[in-house]
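Asks:
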Amino acid sequence: MFSNALKSFSSNISSNYQIAPHATVYSGPWKIHDAKKKSTGTPASVFIFDRKTLEPRSGGFGARSGSGTKKVQEDVIERLKREAGNLAKLRHPSILQVLEPVEETRGGGLMFATEHLTASLSGLLLDKNEQEGASGGGSRAGRYMVESPDGTRRRREFEIDELEIQKGLLQVAKGLEFLHESAGLVHGNLNPDAIYINSKSDWKISGLGFAGPPDSSETRSSLPPLAVSEVLYQDPRLPASVQLNMDYTSPDFALDSNVTSAADLFSLGLIIIALYNSPHASPLETHANLSTYKKLLSSPSTTPSQSNNFLCSSPIPRDVLSQVLPKLITRRPAQRMNAREFQQSQYFDNVLVSTIRFLESLPTKNANEKSQFLRGLQRVLPDFPVSVLERKLLGALLDEMKDRELLALLLQNVFGILRRIPNGRRTFPEKIIPRLKEVFGTVSGKAPAQERDSKKDAGLMVVLENMSLVTENCTGMEFKDDILPFIRLGLDSPTHSLVDASIKCLPVFLPTLDFSTVKNEVFPPIASTFSKTSSLAIKVRSLEAFSVLCGGSANESDGLDDLSGAVQSSKPTKSSILDKYTIQEKLVPALKAIKTKEPSVMMAALKVFREVGKIADTEFLALEVLPILWSFSLGPLLNLNQFNEFMALIKSLSSKIEREQARKLQELSSNGDSSGFQNGANGFSQSDTDLTSPDMDNAKNNFERLVLGNKGTSSSTKKESDIWGSMEPEPAGKRPSMSPAFSWSTNNNHSGHGVSSSMGFRSITPDQKLNTIPSLEPARQTSLPTSNSPLPFTQPMQPSQTWNVQAPGSNKPGSLSSLSGLSAAKPLSQSTLQQGPNYSSFSIPPPPASNAMNTTNAFTSPSINTNPSMGMTPQAPSRQQPQPQQQQQQQSGLDKYASLL
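At position 203 of the sequence shown (counting the first as 1) the number is 203 in full-length UniProt numbering, and the numbers step up by one without a gap.
(1) In terms of alpha-carbon separation, which member of Thr475, Ser257, Leu621 and Thr495 lies closest to Thr529?
(2) Candidates Gln97, Ala458 and Val612: which alpha carbon is nearest Gln412's?
(3) Please return the same chain residues whose Cβ sits closer than 7 Å to the Cβ of Ala408, not counting the five positions on each side in sequence.
(4) Reducing DSSP to helix, strand and coil, say where Trp724 ends up.
(5) Please report the distance separating the alpha-carbon of Lys519 from that of Ser553.
(6) In whole angstroms, what is the alpha-carbon distance linking Val612 and Ile583?
(7) Might you give, ordered along the chain, the residues of its own chain that have their beta carbon closer than 6 Å to the beta carbon of Ser261, omitting 5 neighbours on each side?
(8) Considering just the uninterrupted stretch of the beta strand (DSSP E) at Val462, what are its terminal residues?
(9) Among the residues of its own chain, which have a CB less than 6 Å from the CB of Gly109, if the five just before and after it don't count?
(10) What's the gap between the Cα of Gln768 and the Cα of Glu667?
(11) I need the straight-line Cα distance from Asn466 to Pro382, nearest angstrom please.
(12) How would you label residue 907, buried or exposed, when you count the other beta carbons within 10 angstroms and need 16 or more for buried?
(13) With DSSP collapsed to three states, give me the class of His33.
(14) Which partner residues of Gln18 appear in the DSSP bridge assignment?
(15) Using DSSP bridges, identify the partner residues of Ile165.
(16) Name the two residues that bound the continuous alpha helix (DSSP H) containing Val588.
(17) Start and end of the alpha helix (DSSP H) containing Lys204?
(18) At 3 residues or longer, what runs of the beta strand (DSSP E) sit wholly inside the region 210-246?
(19) Beta-carbon separation of Gln171 and Ser45 under 8 Å?
(20) Please say whether Ser217 and Gly123 have beta carbons closer to each other than 8 Å?
(21) Is the region 284-293 touching the region 243-259, taking contact as three or more C-beta pairs under 8 Å?
(22) Kindly indicate the opening and closing residues of the alpha helix (DSSP H) around Val439.
(23) Can you grab the Cα-Cα spacing for the pair Phe486 / Phe440, in whole Å?
(24) Could you pull the start and end residues of the alpha helix (DSSP H) that Met602 belongs to?
(25) Could you work out which residue in Glu74, Ile197 and Lys81 is closest to Glu115 when comparing CA atoms only?
(26) So, does the region 597-609 touch the region 537-545, judging by three or more C-beta pairs under 8 Å?
(27) With 16 other CB atoms within 10 Å as the buried threshold, where does Asn423 fall?
(28) Taking 8 Å as the cut-off, decide whether the C-beta atoms of Ile195 and Ser120 are in contact.
(29) Compare the C-alpha of Arg419 against each of Glu438, Phe384 and Ala501 and name the closest.
(30) Per DSSP, what kind of secondary structure is Met337 in: helix, strand or coil?
(31) Taking the beta strand (DSSP E) that Thr118 belongs to, which residues open and close that run?
(32) Count the other CB atoms within 10 Å of the CB of Ser631; is the residue buried (16 or more) or exposed (fewer)?
(33) Identify the residues that DSSP records as bridge partners of Ile195: which are they?
(34) At which residues does the alpha helix (DSSP H) containing Ser528 begin and terminate?
(35) If we ignore side chains and look at the alpha-carbon of each, how far apart do residue 902 and Gln97 end up?
(36) Of the choices Asp500, Phe523 and Leu275, whose alpha-carbon is the least far from that of Thr533?
Next comes the structure, spelled out in structure tokens:
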């Protein structure tokens with residue numbers, strides 16, 4: 001509801017600041033919103049007072065509004081203006097700092113901007129009440145949420161332990177000392193609503209609406225004296241938040257009507273009791289009634305004192321109970337300690353409080369004292385509460401980072417704090433990274449070239465040494481934009497230790513970056529450093545980085561198995577970070593350019609080549625990598641074990657290349673053109689002899705019309721032509737059992753076995769109805785070969801075996817111009833068919849060297865061989881000189897075949 005009302009407020013502050021719609025802190029009449037200055041992005045807090053809160057409450061005297069009520073409202077607004085104005089005039093670390101003076105809004109309200117605040121002490125005590133007690137926890141859960149100006153909400157972090165209380169009270173006492181002794185003012189209304197806690201966990205004094213000079217002051221003040229009678233009057237027409245808080249008022253006001261600085265110390269004592277009380281409230285509950293206040297202080301049982309534990313329901317620390325409160329909660333002002341004496345009390349005498357006090361005064365110390373303090377601070381950091389570490393110590397150390405002489409020591413303590421706080425992932429980007437960028441002069445994505453600065457180099461070394469902590473507390477985008485320039489700064493440094501540290505942290509931050517960043521922004525500077533450096537240590541470190549970029553591990557121990565030379569690793573193999581192109585085209589050439597033969601460099605390069613061997617192509621390994629490995633392995637400085645490691649990798653890569661190449665050739669032989677002729681110089685592809693292609697069918701029809709003289713064929717002739725022209729082999733189950741199957745195939749067989757019709761050869765199967773053609777029964781060999789038959793068949797001819805045909809008078813084997821004549825031939829005479837071929841007279845010559853693979857076919861099946869210089873014969877031709885009887889039979893067969901044409 002109030003967020004909608006915020007839109008009605010209009011002032012210079014609202015136009016210059018981005019203000020969160022919901023208030024995060026409530027204190028007295030003020031609602032405090034988180035804000036950010038638009039021009040600089042500086043965080044701030046904006047105090048807003050809504051005039052509507054002064055509207056008369058319903059019922060009773062307050063229901064009537066008149067001129068008196070309006071005058072009271074105007075007095076309240078003037079007092080609130082004076083409060084903001086007094087803050088703007090005062091400058092002290094314990095006084096709330098005003099950034100923009102108070103302004104009146106269009107709706108009649110007030111608005112001013114201050115340093116960024118996280119809580120008020122009153123709100124913090126109320127949160128502690130709800131946290132410690134179960135009541136009200138669910139209904140007021142929103143109190144624990146903080147909304148930033150950009151609209152994001154998070155849980156507010158509040159913690160108030162003993163050290164936080166000691167530190168805060170010490171800062172309040174310093175503020176009171178400044179008011180009393182330097183400004184000459186009495187606060188007059190010191191209570192938890194007048195104390196704020198900023199982002200650095202510092203306690204700040206505010207609420208100076210009732211401030212004025214003391215009665216005994218002899219100096220003139222810019223503020224009018226405090227009218228006690230008017231201040232003590234509680235107007236029922238106004239909310240209690242704009243009036244004096246009677247629960248924390250000193251008896252100097254209520255009983256004596258005196259304005260003294262001691263009155264603020266009495267109020268401070270009541271605040272201390274409230275910090276330890278349960279619930280956290282003042283021991284005086286007056287309900288804004290002066291008579292009740294006087295009644296409580298008139299009785300010893302209701303007056304806070306040491307005898308009744310100052311009416312505190314919880315234990316109070318011994319030093320506070322015995323030494324501090326008795327000198328604060330006392331009736332007579334002269335018996336009270338002043339603000340300076342309060343700071344020197346034994347209550348603050350411990351190492352942690354003394355450390356905070358010294359840190360606050362660190363700018364005034366000399367260089368030697370600062371150095372000693374920062375070295376000792378690292379040892380006491382574990383003893384500090386988390387809230388103090390994050391909000392107090394960290395902020396103070398970051399403010400001192402402008403001192404370059406102490407940069408390294410400051411950063412060591414900064415990272416020590418970051419290691420101990422639980423929400424470092426938010427603190428590091430918001431607070432530490434901006435300060436690092438200011439110190440090292442880096443901008444997003446760039447690392448400027450600067451002159452060598454030993455102090456800055458020492459600080460950068462601390463950052464690089466804590467890179468694992470850095471990567472844990474920032475995202476990949478934040479690392480790329482803000483931290484990667486620090487890596488580049490280290491790589492470009494002339495200091496070898498910085499370069500080495502920059503490369504060494506590569507495995508730490510590499511998982512946080514994407515592939516494009518690694519390839520374009522990480523690998524090039526490392527490769528450039530590797531090529532330019534003259535340091536062997538940096539070369540080795542760069543090679544280790546290359547191994548990691550190729551998928552290796554920086555801490556992986558290299559090992560070999562037995563005799564195979566394969567690299568083994570106890571860790572699972574990681575995928576390569578760089579792509580294959582970058583490795584082959586950029587990384588390997590850089591490795592090839594290595595000039596030194598130092599064993600440390602050679603062995604580091606060997607580790608890189610092990611990873612390259614898992615990624616690169618086999619051809620690249622054979623032509624590029626292996627020559628480099630051989631060159632490195634012959635280095636004169638390598639010992640026997642190192643040489644053996646090189647040889648193991650060379651053998652392993654050679655075996656890999658051999659396996660890959662053999663597998664590739666095997667795939668080509670099995671998936672390639674296995675049906676084409678590849679017999680010496682006469683080899684040709686399947687496309688040349690594919691008898692099932694449409695072009696071959698057309699050639700067959702043209703040939704038939706040519707040899708038949710374009711005459712119609714008789715039914716018997718058509719039947720015979722269909723027999724020989726059948727292009728598709730019949731299924732094995734449908735073939736006649738007594739009729740042989742003839743196959744016309746090429747003499748091409750890569751595997752040395754018979755080639756069936758399923759491999760692209762056409763088969764010619766006689767029709768089962770042709771009873772005129774008897775089945776061919778091969779003659780079984782019954783006697784040993786004679787001189788007339790040099791090499792007879794030793795096994796009977798099977799009907800399904802293949803006849804290899806070469807067309808007569810053709811220079812191209814398998815030409816259809818000679819095969820189609822069989823389909824158009826005249827029917828053979830019965831005597832010719834009955835006579836049949838004399839298988840016993842067939843002889844197979846020894847195969848030539850070029851046809852060694854065809855010898856198996858020659859011995860397993862009789863085939864019809866052709867020669868360009870002679871016609872086709874039904875007998876299996878022999879390369880030896882035939883006998884006279886055989887010549888006569890062959891001549892007779894040729895004459896009969898010629899008569900067909």
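We put the CB at the ideal spot given by N, CA and C, even for glycine.
Replies: Per the coordinate set shown:
(1) When each option's Cα is compared against that of Thr529, the closest is Thr495.
(2) Of the candidates Gln97, Ala458 and Val612, the one whose C-alpha sits nearest the C-alpha of Gln412 is Ala458.
(3) The answer, listed in chain order, is Ala458, Gly459 and Val462.
(4) Annotation note: pLDDT 42 at Trp724 (below 50); position unreliable, coordinate value reported separately. DSSP places Trp724 in helix when its eight states are reduced to three.
(5) Taking the straight line joining both Cα atoms gives about 18 Å.
(6) The alpha-carbon atoms of Val612 and Ile583 are separated by roughly 7 Å.
(7) The beta carbon of Ser261 sits closer than 6 Å to those of His180, Val186 and Pro214, all from its chain and outside the five residues before and after it, given in chain order.
(8) Counted as a single uninterrupted DSSP element, the stretch harbouring Val462 is not any beta strand (DSSP E) but the alpha helix (DSSP H) occupying residues Ser454 to Glu465.
(9) The beta carbon of Gly109 is closer than 6 Å to those of Phe49, Asp50 and Arg51 in its chain, skipping five residues each way along the sequence.
(10) Because the pLDDT of Gln768 is 45, which lies under 50, any placement of that residue in the model is unreliable, and the question is left without a value.
(11) Computed Cα separation, rounded: 18 Å.
(12) Examination of residue 907 is not possible in this model, given that the chain is present from 1 through 901 alone.
(13) Residue state, collapsed to three classes: strand.
(14) Under DSSP, the beta-bridge partners assigned to Gln18 are Lys36.
(15) Answer by DSSP bridge pairing: none, since Ile165 is not bridged.
(16) Taken as a continuous stretch (DSSP letters only), the alpha helix (DSSP H) holding Val588 covers Val588 to Lys592.
(17) Lys204 -> not in any alpha helix (DSSP H); beta strand (DSSP E) instead, spanning Trp203 to Ile205.
(18) Counting whole runs of 3 or more residues, the region 210-246 contains no beta strand (DSSP E) stretch at all.
(19) Taking 8 Å as the cut-off, the Cβ atoms of Gln171 and Ser45 do not count as close.
(20) No; because the gap between Cβ atoms is not below 8 Å, this pair is not in contact.
(21) Yes, the region 284-293 touches the region 243-259.
(22) Following the DSSP letters along the chain, one finds Val439 inside the alpha helix (DSSP H) bounded by residues Ile433 to Phe440.
(23) Whole-angstrom Cα-Cα distance: 8 Å.
(24) Element bounds for Met602: Pro599 to Ile615.
(25) Nearest option by C-alpha distance: Ile197.
(26) Under the Cβ criterion (8 Å, minimum of three pairs), the region 597-609 counts as touching the region 537-545.
(27) Exposed is the call here.
(28) In contact: Ile195 and Ser120 (Cβ atoms closer than 8 Å).
(29) With distances taken between Cα atoms, Arg419 lies closest to Phe384.
(30) Of the three classes helix, strand and coil, the one that applies to Met337 here is coil, per DSSP.
(31) From DSSP, the beta strand (DSSP E) with Thr118 extends over Leu117 to Ser120.
(32) Around the C-beta of Ser631, fewer than 16 other C-beta atoms lie within 10 Å, and the residue is accordingly described as exposed.
(33) Answer is Ile205.
(34) Run containing Ser528: Phe523 to Lys532, per the alpha helix (DSSP H) assignment.
(35) Residue 902 cannot be examined here, being either before or after the span of the chain that is shown, 1 to 901.
(36) Answer by Cα proximity: Asp500.
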